[in-house]
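Going down the list, the sequences are from chains F and A.
In this text, residue positions in the first sequence follow the numbering used here: the first is 1, and each later residue adds one.
In this text, residue positions in the second sequence follow the numbering used here: the first is 1001, and each later residue adds one.
The block underneath contains the structure these notes are about, expressed in structure tokens.
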Amino acid sequence: MLEVRSLVKTFGALRATDGIDLDVREGETHAIIGPNGAGKTTFIGQLAGNLRPDSGRITFAGEDVTGLGAPQRARRGLARSFQITSIYPEFSALHNVALAVQAQSGHSFRFWSAALKESSLLDPAQKILDEVGLGSRSRVLAANLSHGEQRQLEVAMALATRPRLLLLDEPMAGMGIEESQRMIGFLGTLKQRHTIVLVEHDMDAVFKLADRISVLVYGRLIASGEPEAIRANPEVRAAYLGEDA
Amino acid sequence: MTKGRLIGWIAGVLILIALPPILQAFNQPFYIDLVRRIMILAIAAVSLNLILGYGGMVSFGHAAYIGIGAYAVGILGFYGFFNGWLHLLVAMVASAIVALAIGAVSIRTSGIYFIMITLAFTQMLYYLGISVAEYGGDDGMRLKRRSQLGIADLNDPIQFYYLALVVMLIAVYLTYRIVNSRFGLVLRASKSNEARSRAIGFSPYPYRLVAFVIAGAMCGLAGALYGNHTNYITPSLMSWQQSGDIMFMVILGGMASTAGPVLGTFALLLLESFLAGWTEHWQVILGPLLILSVIFFRRGLAGIFYKPDA
């Protein structure tokens, strides 16, 4: 589904991405973990098309997307959520999701009819909000949702683009224990139907959800494999799991 | 649109319709002229609001299109073309083309660079106006004849007044439809959060550019009317002070609101006219008043009537 080959991105002398190879198979949930500053966000940025790699190639669903920007990748089915909540605060939750539905339904050079009354946008949006558990909050201004709800809204917007691959950048960031548990449960149902790349700090979530795990340290993938193998890998334990495991 | 706001609009329009006969009865033709000028400039403010208020594009060169529209009338008349429809068409098409060129360059930038590029382009046009002696240069040019439209005689102050009112209302309604359409939503969403828009698959650039062109054409129309209103065209129509005035009308009235730019234009120009009649040093009073209004009415004058949707 997603193939990354010898990807390199440097900022000055810092090699934030240092020759990464990665394969994400259709249907799997692939977690990317690594200590702070390992280059996870830089890596995700290149996958989503926000950052241009210095060299290397990214192939998505058989197509070379290395040269494509974020909007083009999104339209091809590569959806992302952000580590730092990124929503439309002055629109309601429903309209946030409706916009994501609109983004996937052809060009938007339509100047006359009121978009936020179109049932072809609102109905799917409401359905997705129901799915993520925000159904009853659809009329609330996104700015007035709780932090946890905003994180759910992020995922709802990613889902609304009918993605073939979900890039989730720390979906649990800043959540309380209870909210996290709910989100893990939700991602658990999500992974039945979607291919997911999950960047997450919460080891509990990672080991519950991931089919495979890749460990990123100083811009390199030092290990990649099934959760049990990763947990047992001495290099990983030294670099990262040290205090946890 | 809520019921309350609709009633507000109907009341406002009825007042504007009733104004000319009342002012005539009191023998105050000056005020007919003033309100007509306000309504024409309100069209310019409405057009700027489309890109500034809804699109987040701080164009500090919007007066360019007033100048282009006005000069379209003046120059066509100079060569003996007086057909008003031709005037309006050329004013809008020329403005659209210039907006396309300015927008194509400036929209690739943002923030202070966007402001400076739009300003620089308009200054270029301003100095072009000054340097072309054939069309009056610095002194400007008098219209040989006003645009001949057939449906309204622009030499008749009352007919011109109602024409300006109708065009202003059309501009307001058009903008209202646009900003609530799919197109307008992309524009507003990308102002709200560009990274999010890109992540769900919108490329903001072409939408912004088209909005910029629409706003330019609409302002060009205002310019054509304004040239007819003043009957005299000078490069100062394109000065940066004029751009600043239009921007202030939008901000004072309330960005990203339907009524805001119209309210702002009325408030600014009525206040200006009232203070100027009272004292020579009216700007000393106007300045602080404007600052206070911006501080206390965060959403502009329209915000006084506005309640955020739940």
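Note that the Cβ used here is the ideal one computed from N, Cα and C, for glycine as well.
Values in this document were obtained by computation on a predicted structure and should not be read as measured data.
Query raised in the report: Since LEU1006 (chain A) meets chain F, which of its residues come closer than 7 Å, beta carbon to beta carbon?
Result: By Cβ distance, chain F contributes nothing, its closest Cβ being about 15 Å from LEU1006 (chain A), past 7 Å.
Report task. Kindly list, in the order they appear in chain F, the residues whose Cβ is closer than 9 Å to that of ARG1177 (chain A). Result -> The contacting residues are PHE111, TRP112, SER113 and ALA114.
Query - N- and C-terminal bounds of the alpha helix (DSSP H) containing GLU179 (chain F) - result: 177-193
Query raised in the report: Can you find a C-beta in chain A that's less than 9 Å from the C-beta of PRO71 (chain F)?
Result: yes
Report task. Report the neighbours of ALA48 (chain F) on chain A: residues whose CB is nearer than 8 Å to its CB, in chain order. Result -> ALA1199
**Report entry** Other residues of its chain near GLY1103 (chain A): CB distance less than 7 Å, five sequence neighbours each side excluded
**Finding:** LEU1209, PHE1212 and VAL1213, listed in sequence order.
**Report entry** Contacts around GLN1123 (chain A), its chain only, beta-carbon distance under 7 Å, and the 5 residues preceding and following it disregarded
**Finding:** TRP1240
Report task. Look at SER1243 (chain A) and ALA1063 (chain A) and say whether their C-beta atoms are less than 9 Å apart. Result -> yes
Requested in this report: Name the one or two DSSP bridge partners that VAL197 (chain F) has.
Outcome: F:HIS30 and F:LEU167
Query raised in the report: How long is the line joining the alpha carbons of ALA48 (chain F) and VAL65 (chain F), rounded to whole angstroms?
Result: 10 Å
Requested in this report: Could you give the DSSP three-state label for SER224 (chain F): helix, strand or coil?
Outcome: strand
Requested in this report: Please name the residue in F:ALA13, F:SER6, F:VAL24 and F:ASP18 whose C-alpha comes closest to that of SER224 (chain F).
Outcome: F:VAL24
Report task. Could you check how far apart the C-beta atoms of TYR1232 (chain A) and ARG1142 (chain A) are, in whole angstroms? I think they sit under 8 Å. Result -> The beta-carbon separation of TYR1232 (chain A) and ARG1142 (chain A), rounded to 5 Å, stays under the 8 Å limit for a contact.
Query raised in the report: For ASN1228 (chain A), does the three-state DSSP call read helix, strand or coil?
Result: helix
Query raised in the report: How about THR41 (chain F) and VAL4 (chain F): do their beta carbons lie closer than 9 Å?
Result: no
Query raised in the report: Along chain F, in chain order, which residues have C-beta atoms closer than 9 Å to that of TYR1207 (chain A)?
Result: SER108 and PHE109
Query raised in the report: Relative to the C-alpha of VAL8 (chain F), which residue among F:GLN126, F:ILE32 and F:GLY56 is closest?
Result: F:GLY56
Query raised in the report: What distance in whole Å lies between the Cβ atoms of ASP202 (chain F) and PHE82 (chain F), which are believed to be in contact at a cut-off of 8 Å?
Result: With 8 Å as the limit, PHE82 (chain F) and ASP202 (chain F) do not qualify as a contact, their Cβ atoms being about 17 Å apart.
**Report entry** GLY133 (chain F) to SER1203 (chain A) span [Cα, whole Å]
**Finding:** 29 Å
**Report entry** Supposed contact pair MET1249 (chain A) and ALA1164 (chain A) - C-beta distance, whole angstroms, cut 8 Å
**Finding:** About 16 Å separates the two Cβ atoms, so there is no contact after all.
Query raised in the report: Between the C-alpha atoms of VAL97 (chain F) and ILE1051 (chain A), what's the straight-line distance to the nearest angstrom?
Result: Their backbone Cα atoms lie some 24 Å apart in a straight line.
Requested in this report: Look at MET1 (chain F) and ALA61 (chain F) and say whether their C-beta atoms are less than 9 Å apart.
Outcome: yes
Query raised in the report: Taking Cβ-Cβ distances shorter than 7 Å, what residues in chain F pair up with VAL1186 (chain A)?
Result: Listed along the chain, the chain F residues whose CB falls inside 7 Å of the CB of VAL1186 (chain A) are SER108.
Query raised in the report: So what's ALA1310 (chain A) in DSSP terms, helix, strand or just coil?
Result: At ALA1310 (chain A) the pLDDT is 33, less than 50, meaning the model places this residue with poor confidence and gives no usable figure here.
**Report entry** Close-in-space but distant-in-sequence residues of the same chain around ILE1246 (chain A) (CB under 6 Å, 5 per side omitted)
**Finding:** The residues are ALA1044, ALA1045, LEU1048 and HIS1062.
Query raised in the report: Does any CB atom of chain A fall closer than 9 Å to the CB of LEU14 (chain F)?
Result: no
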